[in-house]
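S.K.: One structure follows; several queries about it will come next.
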Amino acid sequence: MELLEKIQQLFGSYGYSVMFFGLLLEFIALPFPGETTMAYAGYLSYRGQLDFGTLVILAFLGTTIGMTITYFIGARAGLPFIMRYGKWFFFKPDKLDKTQKWFAKYGNGLIFIGYFIPGVRHFTGYFSGIAAIPFRKFALYAYSGALFWVVLFLGIGKLFGPGWSAIFQLAH
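The sequence shown begins at 106 in the numbering used here and counts up by one.
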């Protein structure tokens, strides 16, 4: 079964909760196609099946709660915990190394733009906590980046309607 068919089935069975729980789990580093799901949900909003405002709120909450959880795991448990138990959260050493290098190079800006970098967005919360970035600064970058990311991908589906998947492929 194709990815889009799975997403369609999830929305058919669980509706709005797919948006919240799917994105929350994605940011804890479980495999979930967040961008595709948001673009498809935006399309469902275009068709009048789902409310755009509700989707934005649920996607934003799922994303920010997931990022906040990972921040506090990183802050409390640190890198040794991540290295030891990361395999249970689908952390691979190459992804950890990649994220550390990006974080060293781009710093706080990575928290904002990290949403748009596959394989990096899932780890920015952990590394922000490990790096002891003050929570208020983390929240400013993470939550504003989350809002931009959520509105962009939901908006692709809403704005382009039936052509959402073609536009999504170009943007992605």
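Cβ atoms here follow ideal geometry from the backbone N, Cα and C, with glycine treated the same way.
1. If I follow the unbroken alpha helix (DSSP H) through residue 256, where does it start and stop?
2. By Cβ distance, which residues of its chain are closer than 6 Å to residue 128, with the 5 residues on each side in sequence left out?
3. Since residue 172 and residue 132 are thought to touch, with beta carbons under 8 Å apart, how far apart are those beta carbons, to the nearest angstrom?
4. Measure the alpha-carbon distance for residue 223 versus residue 123 and round it to whole angstroms.
5. If you reduce the DSSP assignment to three classes, tell me which class residue 107 lands in.
6. Taking residue 187 as part of the alpha helix (DSSP H), name the residues at either end of that continuous run.
7. How many angstroms separate the CA atom of residue 161 from the CA atom of residue 121?
8. Within the same chain, show all residues whose beta-carbon is closer than 6 Å to that of residue 116, passing over the 5 residues directly before and after it, in chain order.
9. Compare the Cα-Cα distances from residue 250 to each of 267, 136, 230, 159 and report the closest residue.
M.R.: Here's the rundown:
1. Reading the sequence shown from its first residue, position 151 is the one you call residue 256. First-last of the alpha helix (DSSP H) with residue 256: 240-265.
2. Locating residue 128 in the sequence shown gives position 23, where the first residue counts as 1. Counting only Cβ-Cβ distances below 6 Å, and skipping sequence neighbours, we find 139, 164, 167, 168.
3. One-based indexing of the sequence shown puts residue 172 at position 67. One-based indexing of the sequence shown puts residue 132 at position 27. Their Cβ separation, rounded to whole angstroms, is 5 Å, which keeps residue 172 and residue 132 in contact under 8 Å.
4. Indexing the sequence shown from 1 puts residue 223 at position 118. Indexing the sequence shown from 1 puts residue 123 at position 18. Inter-residue distance for residue 223 and residue 123 is about 20 Å (C-alpha atoms, whole angstroms).
5. Against the sequence shown, residue 107 aligns to sequence position 2. Coil, per DSSP.
6. Walking along the sequence shown from the start, residue 187 turns up at place 82. It spans 157-190 - the alpha helix (DSSP H) in which residue 187 sits, taken as one unbroken run.
7. Your numbering for residue 161 matches position 56 in the sequence shown. Your numbering for residue 121 matches position 16 in the sequence shown. Distance between the alpha carbons of residue 161 and residue 121 is about 10 Å.
8. Along the sequence shown, one-based indexing puts residue 116 at 11. Result list for residue 116: 123, in chain order.
9. As a first step, residue 250 must be located in the sequence shown, where it is residue number 145. Ranking 267, 136, 230, 159 by Cα distance to residue 250 puts 230 first.
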